[in-house]
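In what follows, a structure is listed as structure tokens, so that the remarks can point back to it.
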Amino acid sequence: MLPSAPQIQINTSRLQQRIQELAEIGKIGETGVCRLALSKEDREGVELVKSWMQEAGMEASIDPFANLIGVLKGSNPNAPVLMLGSHVDSQPYGGRFDGAIGVLGAIEVVQTLVEEGITPECNIEVVAFCDEEGCRFNKGLFGVRGMTGKLEEHELERSDKNGITRREALIQFGCDPADFESYVFQEGRIGAFLELHIEQGPVLESLDAPIGIVSGISGPLWLTVEMNGFAGHAGSVPMSMRQDALLGCAKIIVALNELVRQEPGAPTVGTVGSLTVFPDSRNIIPEKVSFTIDLRDIDLRRRNALEAELLSVIENVSREHGLTYTIREDTKSEPRYCANWIKQSLHQEASLMGLTPPELMSGPFHDSLTMSYVCDYGMIFVRCLEGISHNPKEYASPEDIALGTELLYRTARRIATEKGGFQP
21 MLPSAPQIQI NTSRLQQRIQ ELAEIGKIGE TGVCRLALSK EDREGVELVK SWMQEAGMEA
81 SIDPFANLIG VLKGSNPNAP VLMLGSHVDS QPYGGRFDGA IGVLGAIEVV QTLVEEGITP
141 ECNIEVVAFC DEEGCRFNKG LFGVRGMTGK LEEHELERSD KNGITRREAL IQFGCDPADF
201 ESYVFQEGRI GAFLELHIEQ GPVLESLDAP IGIVSGISGP LWLTVEMNGF AGHAGSVPMS
261 MRQDALLGCA KIIVALNELV RQEPGAPTVG TVGSLTVFPD SRNIIPEKVS FTIDLRDIDL
321 RRRNALEAEL LSVIENVSRE HGLTYTIRED TKSEPRYCAN WIKQSLHQEA SLMGLTPPEL
381 MSGPFHDSLT MSYVCDYGMI FVRCLEGISH NPKEYASPED IALGTELLYR TARRIATEKG
441 GFQP
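Shown next, in the form of structure tokens:
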């Protein structure tokens with residue numbers, strides 16, 4: 021229990037009602053959510069969130085990259101923008117809070133400002149970024165990278181498991197990829213970005229802290245590996261003569277697990293989360309296996325060293341089993357640290373609330389990762405039960421979400437109402 025409950029100025033019941041209402045779209049089971057990026061469920065969710073932006077006093081629209089953007093006009097429209105937000109797309113087997121509280125909390129911030137009669141100096145923009153998760157097209161942070169001019173070649177030709185390309189999905193969503201060509205990101209337009217998010221890990225719960233202030237985001241490396249061997253009858257080909265692609269894959273998975281555990285106490289993590297086997301038959305030796313690798317660390321030198329070791333393992337295993345392979349690099353980002361002046365503002369506002377939130381790093385990436393390349397950023401984490409996320413059991417209490425949103429409100433008000441609020 022908190023020693024004394026801080027005064028909450030946001031409307032907590034309205035915020036919780038919206039969280040629950042959004043969770044009904046794409047609902048799976050009692051508490052799960054499936055709103056894949058650019059799906060009809062995603063569009064339905066975006067339309068609902070758009071209506072809440074308008075209700076809060078913002079002008080709302082969808083840009084060419086399927087980002088939903090709400091704008092509250094400030095007294096000086098030429099000043100750099102304060103941007104708040106996150107995403108509302110989900111994993112295929114996701115929870116109600118991942119991304120959603122960052123968007124709905126940001127709307128609550130703006131609506132509270134309007135209801136309090138506070139006019140910001142700068143424009144405030146609330147964004148629900150498209151496809152943060154990256155699970156449908158195997159490449160995340162699409163909307164935020166589109167908005168900031170950082171899309172890569174052939175991104176629109178990436179396809180999902182049903183063969184639908186991102187280009188086709190964007191058109192089905194109601195966007196026209198042809199509009200990309202006329203879009204230019206204005207350097208310096210955004211002064212700062214703030215993101216509220218559930219922690220997705222167990223640190224805050226272990227510290228009995230309802231909220232935390234993020235120090236930085238680990239740099240993710242995403243690879244897709246395809247290994248090719250030779251199919252044969254499972255009953256007749258001797259073990260010594262096999263070119264088993266799945267066996268090679270299995271050895272690499274084990275090696276990855278051992279590599280990331282080399283340094284006790286290090287925050288390094290490695291995961292193989294998706295795997296397909298061809299021809300996928302009980303009595304045929306696997307000829308082709310495609311699998312993903314997710315390697316993350318806050319220490320770039322350590323991650324780079326582990327990447328080199330992993331590539332050596334893939335080469336050695338392939339040679340041992342007579343396999344060929346290809347590696348596609350899907351994502352490679354360096355760790356990005358939060359702006360000190362924003363962290364200081366968050367700590368000061370938290371202190372006024374009677375809170376002393378700890379600082380912690382983020383293993384998962386967020387839209388903030390891309391925003392860090394165009395402006396200063398800060399993040400607030402909200403404690404989640406047992407650190408569970410990307411799972412229908414994901415849970416953050418209304419009380420903790422209220423505290424995180426209140427801190428977001430107070431910090432956004434501080435930045436947006438002070439002349440020269442964006443500090444170097």
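Just add 20 to wherever you are in the sequence shown, counting from 1, and you've got my numbering. Ideal Cβ positions, reconstructed from N, Cα and C, are used throughout, including at glycine.
Item to check | Of the listed residues E278, L104 and A265, nearest to F298 (C-alpha basis) | outcome: A265
Next on the checklist: Closest to S226 by C-alpha separation, out of G407, K181 and L423, would be which residue?
Outcome noted: G407
Checklist entry - Who are the Cβ neighbours of V164 in its own chain at under 6 Å, not counting the five residues just before and after it? => result F149, D387 and T390
Item to check | Simplified DSSP assignment, three categories, for A76 | outcome: coil
Next on the checklist: Helix, strand or coil for R209? Go by DSSP, reduced to three states.
Outcome noted: Coil at R209, not helix or strand.
Checklist entry - Alpha carbon to alpha carbon, how far is I30 from Q131? => result 9 Å
Checklist entry - With C-beta atoms as the reference, is G18 less than 8 Å away from G424? => result Absent from the model: residue 18. The displayed extent of the chain is 21 to 444, so no value can be given.
Next on the checklist: I need the boundaries of the alpha helix (DSSP H) containing F149, first residue and last residue.
Outcome noted: Element bounds for F149: not the alpha helix (DSSP H) but the beta strand (DSSP E), I144 to F149.
Checklist entry - In whole angstroms, what is the alpha-carbon distance linking I318 and A86? => result 30 Å
Item to check | Integer-rounded CB distance, given that P26 should sit under 8 Å from L366 | outcome: Not quite, the Cβ-Cβ distance comes to about 14 Å (not below 8 Å), so this is no contact.
Checklist entry - Grouping DSSP H, G and I as helix and E and B as strand, with all else coil, what is R356? => result strand
Checklist entry - By a C-beta neighbour count over all protein chains shown, 10 Å radius and 16 as the cutoff for buried, is L22 buried or exposed? => result Because L22 sits at a pLDDT of 46, beneath the cut-off of 50, its placement in the model cannot be relied upon, and the point is left open.
Checklist entry - Alpha carbon to alpha carbon, how far is D300 from N158? => result Straight-line Cα distance between these residues: approximately 22 Å.
Item to check | Cβ-based neighbour list, T344, same chain, cut-off 6 Å, excluding 5 preceding and 5 following | outcome: N248
Item to check | First and last residue of the uninterrupted alpha helix (DSSP H) at R187 | outcome: R186 to F193
Next on the checklist: Out of R209, I334 and V234, which one is the CA nearest neighbour of K271?
Outcome noted: When only C-alpha atoms are compared, the closest one is I334.
Checklist entry - Where does L115 sit, in a helix, a strand or coil, going by DSSP? => result Looking at the sequence provided, one finds Gly at residue 115 rather than Leu. If DSSP states are grouped into helix, strand and coil, G115 belongs with coil.
Checklist entry - What's the call for L243, buried or exposed, on a 16-neighbour Cβ count within 10 Å? => result buried
Next on the checklist: Assuming N143 and K70 are in contact, meaning their beta carbons sit under 8 Å apart, how far apart are those beta carbons, in whole angstroms?
Outcome noted: In fact, because the Cβ distance is near 18 Å, the residues do not count as touching under 8 Å.
Checklist entry - Excluding sequence positions up to five away, which residues of its chain have a Cβ less than 6 Å from the Cβ of V134? => result Only G77 meet the Cβ criterion.
Next on the checklist: Is the beta carbon of E177 closer than 8 Å to that of A57?
Outcome noted: no
Item to check | Bounding residues of the alpha helix (DSSP H) (the contiguous stretch that carries D420) | outcome: P418 to T437
Checklist entry - With respect to the alpha helix (DSSP H) encompassing V108, which residues constitute its N-terminal and C-terminal limits? => result V108 -> no alpha helix (DSSP H), and no H or E assigned at all.
Item to check | Counted within 10 angstroms of its Cβ, other Cβ atoms place R281 as buried (16 or more) or exposed | outcome: By the neighbour-count criterion, in which a residue is buried when 16 or more other Cβ atoms sit within 10 angstroms of its Cβ, R281 is exposed.
Next on the checklist: So if DSSP puts W242 in a beta bridge, which residue, or which two residues, is it bridged to?
Outcome noted: D314 and T351
Item to check | Segment contact flag, the segment 288-298 with the segment 208-217, C-beta cutoff 8 Å, min 3 pairs | outcome: no
Item to check | For E379, the first and last residue of its enclosing beta strand (DSSP E) | outcome: DSSP places E379 in the uninterrupted beta strand (DSSP E) bounded by E379 to S382.
Next on the checklist: With three or more beta-carbon pairs closer than 8 Å as the criterion, would you say the segment 109-117 touches the segment 40-56?
Outcome noted: yes
Item to check | Helix, strand or coil at L366 [DSSP, three-state] | outcome: helix
Checklist entry - Cβ of V234 within 8 Å of Cβ of L380? => result yes
Item to check | Reduced DSSP secondary structure (H/G/I, E/B, other) of Q131 | outcome: helix
Next on the checklist: If contacts are defined as beta-carbon pairs under 8 Å, then S110 and R55 qualify, I think. What distance do you get, rounded to the angstrom?
Outcome noted: Rounded, the Cβ-Cβ distance is 4 Å, consistent with contact.
Item to check | Length at least 4, wholly inside the segment 243-288: the alpha helix (DSSP H) runs in chain order | outcome: 265-280
Next on the checklist: Quick check: the Cα distance between D180 and S256, rounded to an integer number of angstroms?
Outcome noted: 36 Å
Item to check | Bridge-paired residues (DSSP) for H217 | outcome: F401
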